[in-house]
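Below is one structure; the comments refer to it alone.
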Amino acid sequence: MGKRFPKLIATSDNQKDQVGRAIRLDFYVSELDEIDTSVLYLPHRHPQYVICSPSQIGCVMRCVFCGLRDRKSAENLNIVQLLDLIDQTKEIGEKLFQKELKPLQVSFMGQGEPLSNIENIIPTIEYLIKESTISEIGISTIGNPIRLRALLSIPKYILSTIRLQLSLHAPMDDLRWRIMPGTKNWLIGDVIERLEKIAKMSRKKVCLNYILLKGINDSVDCLDRLINIANPNNFYIKLSVLNEVAHTNLESTNSEILFRFFRELKKQGYKVKIGSSAGRDIMAGCGQIGRVPTILDLSNRTCPVGANSLIDQGASLSV
Ligand code: SF4
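If you want it as structure tokens, here you go:
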């Protein structure tokens, strides 16, 4: 690892997508390494602007669908670095969008696993709440049950501001361990039990994010198990389409299966949202994180027709 910089320096490689919905910013953390943040603009949602912030430099969770799956190390960002990243992203974002980013959500859902850095993430959230320039805070986690238990002991006024999202992606333990090796030995039942307590305590439904991967987690058996995985009173489900990253042959599911999941989950009483695909053409979408040697040419690869048509029919978008 190269020499660490005292302050994270924004590179000049900012990317803005063609439809004005997303920007991606890269920051040098050392002479050899970069991390990125993104800002999404989702006009039909509240809050309309979302900053996706990393929580660590690198990640050791090796999720198969993620741009960071081959990284072998993770280093926690400290409070000063986290606040600096958010400040700089907001400032550059406002210049690029030529607007104040308001109302704004900050989500720890970029590079790294936020709960592995809970000692810095919680004080950062506390500071952001006190500053009161942020409308919502998001945390997206793969759900270490022990770290989830620690969340239950943070002050209630902080917990109740957090939109919590579990990267579930499989309804069976063995399948989840295969596609998300960092979850090995954690049982989905334990994770859901902890999340249910948090949902009740914070009075906010927890999001279960499910990326539909063709031939991997989109079978009828997976759907049947997903339907029964949690209580719709305390959870909602976000169905996501795969955002491509280099060097993987994973494919997103087809629109017919996406429709079936959407329909059956709704029938079961779940609120179902569709994951936003904003920014995927500039590698600012979910999972497209980490240093990328080239921007993938996705001009011919739109998100499955089903996702757009569900949105057209009123399904709400989620990040
Ligand atoms: S999806 Fe998140 S937890 Fe999984 S490897 Fe990527 S950054 Fe880490």
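In our numbering, the protein residues as written are 198 to 516. Just so it is clear, CB atoms sit at the ideal spot from N, CA and C, and this is done for glycine as well.
For residue i, collect the residues of the same chain with a Cβ closer than 6 Å to its Cβ; drop the 5 residues on either side in sequence, then sort them by chain order.
i, result
"K470", "K435, S513, S515"
"P311", "S252, F305, I318, I336, T338"
"G412", "none"
"R268", "G255, C256"
Report all residues from its chain with a CB closer than 7 Å to the CB of residue i; omit the five preceding and five following residues, and keep chain order.
i, result
"M369", "R422"
"N273", "Q253, N314, N317"
"K397", "N431"
"I232", "F224, V226, P251, I254, Q308"
"A347", "I315"
Per DSSP, what kind of secondary structure is residue i in: helix, strand or coil?
i, result
"L205", "strand"
"Q285", "helix"
"D190", "This structure does not reach residue 190, given that the chain is present from 198 up to 516, and the question cannot be answered."
"D418", "helix"
"E333", "strand"
"I254", "strand"
"S515", "strand"
"L298", "coil"
"E323", "helix"
"F224", "strand"
"F262", "coil"
"R460", "helix"
"T358", "coil"
"A427", "coil"
"I276", "helix"
"I248", "strand"
Report buried or exposed for residue i, applying the criterion of at least 16 other Cβ atoms within 10 angstroms of its Cβ.
i, result
"G466", "exposed"
"M377", "buried"
"T208", "exposed"
"G217", "exposed"
"N341", "buried"
"Q362", "buried"
"Y246", "buried"
"S235", "buried"
"H366", "buried"
"Q302", "buried"
"N425", "exposed"
Who are residue i's beta bridge partners in DSSP?
i, result
"F432", "V403"
"L363", "T338, L405"
"T234", "L222"
Taking 8 Å as the limit between beta carbons, can you name the residues of its chain near residue i, skipping five residues before and five after?
i, result
"D281", "K204, L205"
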